[in-house]
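Counting from 1, one number per residue, gives the positions in the sequence shown under this note's numbering. Notes follow the structure.
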Amino acid sequence: MSGVRLSVSLALAAVLALLAAPAALAGTFSYGQPASFTATAPGANPDHDAYGGLPWSYGDGSGRLAGFGAPAGIAGLIGWSDAGGGFVAVPGAAGSVTSGGDTFAPGRLALRAPAGESVALAFSSPLPRTTTFSVAGSVAPADPNCATPALTGGYNWSLVRGATVLASGSSAAGATIPATAVSLPSGGAVVLVVTSVSALLGYSADCATAEATLTLVAPGTAPTVAITSPASAAIDTPAQVTFAGQADSGYGSSKQVTVRVFAGTAATGTPMQTLQAPVVAGSWSVAPSAPLTDGLYTVLAEQDDLASPPDPGLSAPVSFRIATPTPSSTLVLDLPARGALSTATPTLAGTASGPGAGQPVTVLVYLGLGTTRQPVRYLNTTVGADGSFSAPVSPGLDDGVYTVVATQTLSGTPTVSAPVTLLIKVNPPTLTMVSPAPGGESAARAVFFGQAGAAAGDSATVELSLFEGASTAGRSLGKVAVTRSGGAWVYTWPRALKLGFYTVSASQSDLAGHLTTTTARTFLVVPSPAVIGSPVAVTQNGTGSVPIYCPARRGSSCSVTLSIVTVERLRVRHARGRLVLMRARTTIPGGATAIVRGHVPGADRRALLHSRGRTVVVTATLSSPGILAAKYTARRRASVAR
Numbered sequence: 001m002s003g004v005r006l007s008v009s010l011a012l013a014a015v016l017a018l019l020a021a022p023a024a025l026a027g028t029f030s031y032g033q034p035a036s037f038t039a040t041a042p043g044a045n046p047d048h049d050a051y052g053g054l055p056w057s058y059g060d061g062s063g064r065l066a067g068f069g070a071p072a073g074i075a076g077l078i079g080w081s082d083a084g085g086g087f088v089a090v091p092g093a094a095g096s097v098t099s100g101g102d103t104f105a106p107g108r109l110a111l112r113a114p115a116g117e118s119v120a121l122a123f124s125s126p127l128p129r130t131t132t133f134s135v136a137g138s139v140a141p142a143d144p145n146c147a148t149p150a151l152t153g154g155y156n157w158s159l160v161r162g163a164t165v166l167a168s169g170s171s172a173a174g175a176t177i178p179a180t181a182v183s184l185p186s187g188g189a190v191v192l193v194v195t196s197v198s199a200l201l202g203y204s205a206d207c208a209t210a211e212a213t214l215t216l217v218a219p220g221t222a223p224t225v226a227i228t229s230p231a232s233a234a235i236d237t238p239a240q241v242t243f244a245g246q247a248d249s250g251y252g253s254s255k256q257v258t259v260r261v262f263a264g265t266a267a268t269g270t271p272m273q274t275l276q277a278p279v280v281a282g283s284w285s286v287a288p289s290a291p292l293t294d295g296l297y298t299v300l301a302e303q304d305d306l307a308s309p310p311d312p313g314l315s316a317p318v319s320f321r322i323a324t325p326t327p328s329s330t331l332v333l334d335l336p337a338r339g340a341l342s343t344a345t346p347t348l349a350g351t352a353s354g355p356g357a358g359q360p361v362t363v364l365v366y367l368g369l370g371t372t373r374q375p376v377r378y379l380n381t382t383v384g385a386d387g388s389f390s391a392p393v394s395p396g397l398d399d400g401v402y403t404v405v406a407t408q409t410l411s412g413t414p415t416v417s418a419p420v421t422l423l424i425k426v427n428p429p430t431l432t433m434v435s436p437a438p439g440g441e442s443a444a445r446a447v448f449f450g451q452a453g454a455a456a457g458d459s460a461t462v463e464l465s466l467f468e469g470a471s472t473a474g475r476s477l478g479k480v481a482v483t484r485s486g487g488a489w490v491y492t493w494p495r496a497l498k499l500g501f502y503t504v505s506a507s508q509s510d511l512a513g514h515l516t517t518t519t520a521r522t523f524l525v526v527p528s529p530a531v532i533g534s535p536v537a538v539t540q541n542g543t544g545s546v547p548i549y550c551p552a553r554r555g556s557s558c559s560v561t562l563s564i565v566t567v568e569r570l571r572v573r574h575a576r577g578r579l580v581l582m583r584a585r586t587t588i589p590g591g592a593t594a595i596v597r598g599h600v601p602g603a604d605r606r607a608l609l610h611s612r613g614r615t616v617v618v619t620a621t622l623s624s625p626g627i628l629a630a631k632y633t634a635r636r637r638a639s640v641a642r
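Below, the structure is given as structure tokens:
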């Protein structure tokens, strides 16, 4: 079988000749079929889609070309096929495929239409904007022996864009699809359709098979990239900069930005540093590869597209100055009000007592303690006639601790004020109460806990207030200051509470004067029974028993290890000592009481029966999932049946 090799060189040459600019070759996106079998460079398409991945898709008139693998009847081809004999395929990695004397060579795309049906190859534009593509290709019979379509049948083909037929032909002869300009919106498709034609001798699968090429070329567009840090065209800063900005994250744009740092005030010559910054959610950021010494610098960012050759998107150059200022005794920042500021946009003020009326002052705001990071605000102002200056913070600051300095350059010498610490606290503490639940129950030793505000300026303690009754109007049982641990607080009330209703509330303050108080919560105290109950009994047949209560929450359980030992030293079998009357292991549901039983040997039972004290020590070790084991002991009077 002969055919047209799936090389795009001739089509590309024609298309590039149309799109080339007189002075330089513009970047182009070129999509050729068949696509690469892998999703890694250097795939046939700019985005390196695997064969069959978007923007290419395949189908037949009934939509049944869904299975990826070897088409029925022709081993070695890889593609999409259906049981009716239709397929769209190319040879696999093994090379040429021979079937019935016909050869499918590597790099050839075969489209076979079933009897009375069609197969289709579609390209959907992945570009985010309406783009004019140049579409070119070829269609030719796969079997040269089908020279008489009137007898052997064959196929008709058409290249369509919606309802518009761009080119068409039949299997009577090979056809070249000339370069055609087609405007496609994002997701708009160009479709090559092959339809089988029956003839006098009926349907012939070989004659209904076409070999085709299809190449689409579109002009590239330079991505949009910008620098946001350094923020101003010329700055004095005592800290090293972090370069950052916005980048294009759309289809066809490179996933990294190249940042070039030049000495001086122009982006010319050889860069001092060339940095690579990954694009994450439309932003990029990178630190210098080595600290920058004092001096003037210019930074330029570039982001290319995936076109060939790439179209470089360039930011506007930003010039800045690194200057290590000397401490100044005449440049002073006013201390903010004690405590925290409850506004995100305070006005920062100070004085410049040296010569400098009308001179510029820059107020730098750093997040955290110290000035080693990149400033988060550059506030420019001037010195007034009375030597004062002020600068309102804009945009507002998030809650947190900041370090602020003022800088000024006089006679070419930068100076800096002593740093001032600023605490912004617009939001009150975030305080919650988790336990007890509203309307819930508690044991006599009530446990209260919840979440506490842990931001800078939030109080280290939570004040807990407990009242008797169903409201805070009841008798106060006390207030306690609970030290929070990070963002949580917990407190066990020190005194056992009797049966009844109680109301609790918690509050937390901060340095800005906020006070957060939880909604008063009413709960019911139901004292739990003792873990070790009574009586301890021993029956005539030697069965010992004692009630044990599991204090774990309902839905959980307690694993119990139990022992009962006499307090008195009793004589049994010519020996004298404390008797271990019984040992037992069992499991008890949470919140329930169970009678734990065990065997007491007859001699031990008789010795206990004739003793005077009959006092025993019951030891129960209880453990629950996720909770450390706890040991309980109690003295009990044992009753022994005669």
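Even glycine gets a Cβ: it sits at the ideal position worked out from N, Cα and C. As the structure is a computational prediction, the values presented were derived from the model and not from experiment.
Quick one: Cα of residue i to Cα of residue j, how far?
i	j	result
Ala266	Thr298	6 Å
Ser353	Gly396	29 Å
Lys479	Val257	59 Å
Ile177	Ala75	30 Å
Arg521	Arg445	17 Å
Ala44	Leu314	At Ala44 the pLDDT is 49, less than 50, meaning the model places this residue with poor confidence; the figure from the coordinates comes in the next sentence. Going by the C-alpha atoms only, they are around 27 Å apart.
Ser204	Gly27	44 Å
Gly613	Thr516	59 Å
Gly269	Asp510	55 Å
Pro419	Val405	5 Å
Pro141	Gly174	6 Å
Ser36	Leu214	A caution first: Ser36 carries a pLDDT of 49, below 50, which makes its placement in the model unreliable, though a value can still be read off. Distance between the alpha carbons of Ser36 and Leu214 is about 14 Å.
Leu622	Thr593	13 Å
Gly202	Gly153	7 Å
Val600	Gly591	28 Å
Arg635	Val616	6 Å
Trp56	Gly252	16 Å
Can you check which of these residues, the options, is closest to residue i by C-alpha distance?
i	options	result
Asp673	Ala349, Asn541, Thr409 and Ala454	Residue 673 is absent from the model: the chain starts at 1 and stops at 642.
Val572	Ile564, Arg554, Gly598 and Gly602	Gly602
Pro375	Thr381, Gly457, Ser229 and Thr517	Ser229
Thr324	Thr371, Arg445, Ser183 and Thr561	Thr371
Glu302	Gln276, Ser534, Gly295 and Asp294	Gln276
Ala212	Val139, Leu379 and Gly187	Val139
Thr382	Leu341, Thr351, Ser556 and Val393	Thr351
Thr195	Val420, Val241 and Ser118	Ser118
Ser249	Phe262, Thr274, Phe243 and Ser283	Ser283
Ala629	Leu121, Ser611, Ala592 and Cys550	Cys550
Pro291	Asp311, Ser96, Thr242 and Val279	Thr242
Gly295	Ala287, Ser285, Phe262 and Pro317	Phe262
Tyr502	Gly153, Pro436 and Tyr366	Pro436
Ser285	Val90, Asp334, Ala226 and Val332	Ala226
Phe467	Trp489, Ala506 and Lys255	Ala506
Pro312	Thr224, Ser476, Phe123 and Ser124	Thr224
Val135	Thr180, Ala115, Ser125 and Val97	Thr180
Glu645	Leu562, Val580 and His574	Examination of residue 645 is not possible in this model, given that the chain is present from 1 through 642 alone.
DSSP puts residue i in a beta bridge; with which residues?
i	result
Pro327	Val416
Leu515	Ser509
Lys479	Ser465
Trp56	Phe123
Ile74	The partner list for Ile74 (beta bridge, DSSP) is empty, contrary to what the question assumes.
Asp685	Residue 685 is absent from the structure shown; the chain starts at 1 and stops at 642.
Cys558	Ile588
Ser118	Thr195
Ala247	The partner list for Ala247 (beta bridge, DSSP) is empty, contrary to what the question assumes.
Ser471	Paired residue(s): none; Ser471 is not in a bridge.
Given a cut-off of 9 Å on the beta-carbon distance, is the pair residue i and residue j in contact?
i	j	result
Ser183	Phe133	yes
Tyr402	Gly457	no
Pro414	Thr326	yes
Ser394	Thr345	yes
Ile548	Ala638	no
Arg161	Val191	yes
Ser611	Thr566	yes
Thr125	Ala218	Correcting the residue identity first, residue 125 is Ser in this sequence and not Thr. Yes, these two residues count as a Cβ contact at 9 Å.
Sorry if obvious, but does the Cβ on residue i come closer than 8 Å to a heavy atom of the ligand PLP?
i	result
Val426	Looking for the ligand PLP in the displayed structure turns up nothing, as the structure carries no ligands at all.
Item to check | Those runs of the alpha helix (DSSP H) which lie wholly inside the segment 570 to 637 and span at least 4 residues | outcome: 602 to 609
Next on the checklist: Suppose only complete runs of 3+ residues qualify. What are the beta strand (DSSP E) ranges in the segment 191 to 228, listed by chain order?
Outcome noted: 209 to 219
Item to check | Within the segment 155 to 193, ranges of the beta strand (DSSP E) (whole runs, at least 3 residues) | outcome: 164 to 170 and 175 to 184
Next on the checklist: For a minimum of 3 consecutive residues, which ranges assigned as the beta strand (DSSP E) are wholly contained in the segment 372 to 416?
Outcome noted: 377 to 382, 388 to 392, 400 to 410 and 413 to 416
Item to check | Entirely enclosed beta strand (DSSP E) segments - the segment 426 to 461, minimum 3 residues | outcome: 447 to 451
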